[in-house]
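Residue numbers (my numbering): 13 to 112.
So, in structure tokens, the structure goes:
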């Protein structure tokens, strides 16, 4: 993991961490070291807290507006790659072969 520009100090400490949880975090995140896994987990926790603060602030929207912004709509089905159909475009000025 690349050093963060805001990290002014690095602290070495001894901690008791459940090995199964740490192994799981390493597998989920792809972390190569235990230190990297802990840093990723702490960063993610801070990110989630910040998102929670932003959503609790309402982003300047009423609760109904927030629900409307994040509610799935019929047009969301078209955002899925599986629902897109790809065709080979015909050459400009050339008729398409029968059946296309």
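The beta carbon of each residue, even a glycine, is placed where N, CA and C say it ideally should be. From a predicted model like this one, the values you see are computed outputs, not experimental measurements.
Where the alpha helix (DSSP H) containing residue i begins and where it ends
i, result
"residue 61", "46-69"
Within-7 Å CB hit, residue i to chain D
i, result
"residue 78", "The displayed structure is made up of one protein chain only, and chain D is not part of it."
Per-residue DSSP class, three states only, for residue i
i, result
"residue 39", "helix"
"residue 83", "coil"
"residue 110", "coil"
"residue 30", "coil"
"residue 78", "helix"
Residue from the options whose Cα sits closest to the Cα of residue i
i, options, result
"residue 24", "47, 35 and 37", "47"
"residue 35", "58, 26 and 50", "50"
Meets three-Cβ-pair contact criterion under 8 Å: the segment 31-50 and the segment 66-78: Cβ pair count under 8 Å is below three, so no.
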